[in-house]
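Reminder that position 686 of the sequence shown reads as 688 in this note's numbering, one-by-one numbering, no gaps.
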Amino acid sequence: MTSPAARLASSVADRYRLGRELGQGGMATVYLADDLKHGRKVAIKVLHPELSAVLGSERFLAEIKVTANLQHPHILGLIDSGEADGLLYYVMPYVAGESLRARLQREKQLPVDEALRLAREVASALDYAHRQGVVHRDVKPENTLLQDGAALVSDFGIALAVQEAGGHRMTQTGMSLGTPAYMSPEQAMGERVIGPRSDVYALGAMTYEMLAGEPPFTGPSSQAIVAKVLTEQPPPLRPKRPTVSAAAEAAILTALQKLPADRWGTAKEFSEALTGTGPQRSQSAPTISLPATRAPAVGAFRRATPWLGWVAAGLAGALAAWALLRPRPEPPPSRLAIIAPGLGGSGASSSQRHLTFEPDGQGLVYSVMGGDGSMRLVRQSLDAEGPSPIPGAVGMGSPLVSPDGRSVVGTQAVKNQILRLPLDGGTAELLARTVITSNDAVWAPDGSLWFTESGAIGQVVGDSLVRRLPGNQSQLQQILPDGRTALILRTRVGNTGGPVLLVDLETGAETALLGTPVVDARVTQGFLVFVLPGGNLQAAPFDQQGRRLTGPPITVGTNVAVTGTSVAQFAVAANGNVAYIPEEPASLVFVDRAGASRPVTSERRNFHSPMFSPDGHRLLLDFTSIEGRNVWVMALEEGTLSRASFDRDGHDATWTPDGRFITYIVPVNQPDGVTLVLLRKPPGSAEPPDTLLASRSLSYTGVWLRDGSALVTTGNDLRRDPRRPDSVGADSRTDAGIVRNAGRGPLEPLVASPFSEQFVGASPDGRWISFVSDQSGRDEVYVRDLAGEGDQVLVSLDGGNEPVWSPDGKELFYRETKEADPYLVAAGIATTPALHVTGRKRLFPIVDIVGTAPHANYDISPDGKTFVMVRRSPAARIVVIQNLPALVRRLQGGRTPAQ
Numbered sequence: 003m004t005s006p007a008a009r010l011a012s013s014v015a016d017r018y019r020l021g022r023e024l025g026q027g028g029m030a031t032v033y034l035a036d037d038l039k040h041g042r043k044v045a046i047k048v049l050h051p052e053l054s055a056v057l058g059s060e061r062f063l064a065e066i067k068v069t070a071n072l073q074h075p076h077i078l079g080l081i082d083s084g085e086a087d088g089l090l091y092y093v094m095p096y097v098a099g100e101s102l103r104a105r106l107q108r109e110k111q112l113p114v115d116e117a118l119r120l121a122r123e124v125a126s127a128l129d130y131a132h133r134q135g136v137v138h139r140d141v142k143p144e145n146t147l148l149q150d151g152a153a154l155v156s157d158f159g160i161a162l163a164v165q166e167a168g169g170h171r172m173t174q175t176g177m178s179l180g181t182p183a184y185m186s187p188e189q190a191m192g193e194r195v196i197g198p199r200s201d202v203y204a205l206g207a208m209t210y211e212m213l214a215g216e217p218p219f220t221g222p223s224s225q226a227i228v229a230k231v232l233t234e235q236p237p238p239l240r241p242k243r244p245t246v247s248a249a250a251e252a253a254i255l256t257a258l259q260k261l262p263a264d265r266w267g268t269a270k271e272f273s274e275a276l277t278g279t280g281p282q283r284s285q286s287a288p289t290i291s292l293p294a295t296r297a298p299a300v301g302a303f304r305r306a307t308p309w310l311g312w313v314a315a316g317l318a319g320a321l322a323a324w325a326l327l328r329p330r331p332e333p334p335p336s337r338l339a340i341i342a343p344g345l346g347g348s349g350a351s352s353s354q355r356h357l358t359f360e361p362d363g364q365g366l367v368y369s370v371m372g373g374d375g376s377m378r379l380v381r382q383s384l385d386a387e388g389p390s391p392i393p394g395a396v397g398m399g400s401p402l403v404s405p406d407g408r409s410v411v412g413t414q415a416v417k418n419q420i421l422r423l424p425l426d427g428g429t430a431e432l433l434a435r436t437v438i439t440s441n442d443a444v445w446a447p448d449g450s451l452w453f454t455e456s457g458a459i460g461q462v463v464g465d466s467l468v469r470r471l472p473g474n475q476s477q478l479q480q481i482l483p484d485g486r487t488a489l490i491l492r493t494r495v496g497n498t499g500g501p502v503l504l505v506d507l508e509t510g511a512e513t514a515l516l517g518t519p520v521v522d523a524r525v526t527q528g529f530l531v532f533v534l535p536g537g538n539l540q541a542a543p544f545d546q547q548g549r550r551l552t553g554p555p556i557t558v559g560t561n562v563a564v565t566g567t568s569v570a571q572f573a574v575a576a577n578g579n580v581a582y583i584p585e586e587p588a589s590l591v592f593v594d595r596a597g598a599s600r601p602v603t604s605e606r607r608n609f610h611s612p613m614f615s616p617d618g619h620r621l622l623l624d625f626t627s628i629e630g631r632n633v634w635v636m637a638l639e640e641g642t643l644s645r646a647s648f649d650r651d652g653h654d655a656t657w658t659p660d661g662r663f664i665t666y667i668v669p670v671n672q673p674d675g676v677t678l679v680l681l682r683k684p685p686g687s688a689e690p691p692d693t694l695l696a697s698r699s700l701s702y703t704g705v706w707l708r709d710g711s712a713l714v715t716t717g718n719d720l721r722r723d724p725r726r727p728d729s730v731g732a733d734s735r736t737d738a739g740i741v742r743n744a745g746r747g748p749l750e751p752l753v754a755s756p757f758s759e760q761f762v763g764a765s766p767d768g769r770w771i772s773f774v775s776d777q778s779g780r781d782e783v784y785v786r787d788l789a790g791e792g793d794q795v796l797v798s799l800d801g802g803n804e805p806v807w808s809p810d811g812k813e814l815f816y817r818e819t820k821e822a823d824p825y826l827v828a829a830g831i832a833t834t835p836a837l838h839v840t841g842r843k844r845l846f847p848i849v850d851i852v853g854t855a856p857h858a859n860y861d862i863s864p865d866g867k868t869f870v871m872v873r874r875s876p877a878a879r880i881v882v883i884q885n886l887p888a889l890v891r892r893l894q895g896g897r898t899p900a901q
């Protein structure tokens, strides 16, 4: 088999003459080469074959181009990049000097003045790159070259390019992004959004090593180092190197703070602080006091010698007894990052909770997304290498494992069913058919299942959901171990959250627990654990007997994904383990009919429901931020985003046919349940929106008919029986509906069959409607006359959803729902002599395109040439905190919270 070096040499022979190997690292091998055109020495870095095999060359090379324009005296620039016989490579100037790592291996410590000078030179390079929007992500001595005594930082943006191009596939090669000894805590925790302060941390660790002779944290394994990075404070520097000034030590320890907000704001600030010329921060480094000792006199030792054996024997016995009787040490806290390929989305692009613990806290059940866009459940032990599928759990999400650990409950959203399935696999049992999901359900300790519906708390009885406490804007979170006390949230709207209360399920008596608005909360091991709207994960000591918090909260995690429907992607186990999914921002892309894509914006967010304006110059979309979910307008020529809604959870926006107004929905909690309010306003106006309709059945905004006379949309159970107000409905379905009277209603059924209809749209001429129905036993796309005349026509084959009409009405696009290699399909539509499908063409694969329900999550430009889509982030992780109480105590400096 031809070696990688030979393959590379052959492929680039017209430009470079490959020479000897200069070195090898975790991701690449470096070769010396001659640049034939310019007559100079260069270094060619070729990614390892197994890494090149899993990276997409187009995306990797596009990402690496971002760094090509970095020009700075202390940055080693990028000359060239490309693909050679399946290998990815990039070319840099050849530096005849050595790396900082080689220098440290030879000398261990550098003179103080030289170490600080090199640190300032690296800081200058980082500060410049950060101002260009580039974060290095892998600052370390190996990537710092020394040329004539000056520092040159290499591999700028390479780690980011690899991550963006390869995502979770790279983790499957066994390689990591970043180096544990220099990783910031947020990078070690697997957070995807890494900022400049992470580079400041890495530079602080490298400066510490130049002075102390070793990094601030060392250990026998990468896992041991990461554990220290997350949980321990770095040892003071001056006891190791007394010649280091107090100002330099304080600057370095500030750079090594756990929280990014506690570090220097910029690399320039750090550089100035190293010499005492910049702003100073108080730094309370931990100190260790040792008692004074004296060596015993030789004569005294000799006189004691005869007794030494007896003392030793007695001491050995005492030690043995102490070992048996002493309290066992508490297991140390740790964080574990689980790579979960296909993890079912996060943020506003999803509405379901994706993970739960098994009862012992040592295993997780979580949902992953198949190639057809449908969910399925998998099971993974915390010490296992990967997950195992749960047989029969296809199409299920929002998992809940029963208290006995034998079964899992999940939602089959398409059919509005809550199912119960043996955890080892088997036949699913229908618990209830309802428009709510298992997001709204919790297990009680006795094995009964409780739920929230329209602000009321109820219980699953037979195949129905029966209310036990009246609607009071409640959201059930957990039933505590006594089986009688429930943890609830109040007034939970969008991402604004609500206060936390305890309620007695027998009497309805309530006790306020936490007034701060949160989006989700649980109790474990004497702590209330909760997620704030901005994604911070906090824990506060909780006295269940006294029904009160006994201390202030402390942040134990950040960047927890929160959906647009205020579902935090986290889970809590009874043993004190906590798991959460970090937010994974997505990309907004334009895609042509051949599948070639380009970014719409460099911003990465959980974009949702993008839609072209009628003139094609603007996009309408929504996404979740710390202010909640809101509608935004993007001006495509300028690339600017302007907020268009200010209503706490505005979403699912659509343009009116003339492009003068936007229409969107906002959920509002009322005493009798949640009502969706349909609003209309000019996109750039600060005036309050006009209310068109308020309905408890409306599912999403819908699509306007061309003449503006009505919206076609989806409604929840438009055939609901009003005679059973205590039941959520034993036969609940989603139905196609229409809102006439220029959107002021009422909401009426349009296709109200015994089956579920969703993804409703209208042809450009307003004559035909498209929708998805499960009448065949799976989702298929259909078209029928708006007036209900004539038969409906099947458009998709082998499953389909998210239909979108072409501007001329001659095509209907839809997503395939097949398991393997799904494509976007263009179906030809003709209406004469009768409605029929003229053909189907598979356009391009969409496995990494984010879908949603009950409407499409993409659109086609007015000229019919370009789609706007949301591309899923290539990596997804679950972060597990093991032993939360120990972590809280460590973060509090060893103090035990008062009870």
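Idealized CB from N, CA, C, for every residue including glycine.
These figures come from a predicted structure and were not determined experimentally.
Is residue i helix, strand or coil by DSSP?
i, result
"Arg9", "helix"
"Arg265", "coil"
"Tyr18", "strand"
"Phe2", "What is shown of the chain runs 3 to 901, which leaves residue 2 out entirely."
"His838", "strand"
"Arg66", "According to the sequence provided, residue 66 is Ile. The question's Arg does not apply to it. Helix, per DSSP."
"Glu782", "strand"
"Val679", "strand"
"Lys142", "coil"
"Met29", "coil"
"Phe272", "helix"
Nearest to residue i by alpha carbon, out of the options?
i, options, result
"Pro887", "Ala575, Val410, Leu623 and Leu20", "Ala575"
"Val670", "Asn71, Ser697 and Ala655", "Ser697"
"Ala514", "Val520, Val521, Val505 and Asp522", "Val505"
"Asn718", "Leu80, Ser101, Gln760 and Arg199", "Gln760"
"Ala738", "Gly704, Asp767 and Gly747", "Gly704"
"Val246", "Ala117, Ile196, Phe158 and Gly811", "Ala117"
"Gly811", "Arg708, Pro847 and Ala98", "Arg708"
"Gly428", "Trp445, Val462, Ile392 and Pro401", "Ile392"
"Ala153", "Ser687, Gly99 and Gly197", "Gly99"
"Gln540", "Lys683, Leu889 and Leu421", "Leu889"
"Thr277", "Tyr33, Thr268, Glu251 and Arg817", "Glu251"
Can you list, in chain order, the residues of its chain whose CB lies under 8 Å from that of residue i, leaving out five sequence neighbours each side?
i, result
"Ser604", "Gly135"
"Tyr784", "Ser772, Phe773, Val774, Ser775, Gln794, Val795, Leu796 and Val797"
"Gly363", "Ala575, Ala576, Asn577, Gly578 and Asn579"
Closest Cβ-Cβ distance between residue i and chain D: below 9 Å?
i, result
"Glu211", "Protein chains in the displayed structure number just one, and chain D is not present."
Note the first and the last residue of the continuous beta strand (DSSP E) segment covering residue i.
i, result
"Glu759", "Glu759 to Ala764"
"His356", "Premise fails: His356 is in no beta strand (DSSP E) and is neither H nor E."
"Asn718", "Leu713 to Asn718"
"Val403", "Gly399 to Val403"
Within the same chain, show all residues whose beta-carbon is closer than 6 Å to that of residue i, passing over the 5 residues directly before and after it, in chain order.
i, result
"Gln527", "Gly578 and Pro887"
"Ile340", "Ile880"
"Tyr130", "His74"
"Gln259", "Arg265"
"Arg549", "Leu504 and Thr513"
Apart from the five residues on each side of it in sequence, which residues of its chain come closer than 7 Å, Cβ to Cβ, to residue i?
i, result
"Glu216", "none"
How would you write the range of the alpha helix (DSSP H) that residue i sits in, first residue to last?
i, result
"Pro187", "Pro187 to Ala190"
"Glu234", "Unbroken run through Glu234: none, as it is neither H nor E."
"Ala104", "Leu102 to Glu109"
"Ile254", "Ala248 to Ala257"
Could you check whether the Cβ of residue i sits closer than 8 Å to any heavy atom belonging to the ligand FAD?
i, result
"Ser611", "Of the ligands one can find in the structure shown there are none, so the ligand FAD has no counterpart to examine."
Report the start-end ranges of each beta strand (DSSP E) in the stretch 446-532 that is 3 residues or longer and not cut off at the edges. Listed in chain order, they are 451-455, 458-463, 466-471, 476-481, 487-492, 500-506, 512-520 and 522-526.
Extract the residue ranges of the alpha helix (DSSP H) inside the stretch 560-598, only unbroken runs of 4 or more that lie entirely within it. Qualifying alpha helix (DSSP H) stretches: none in this window.
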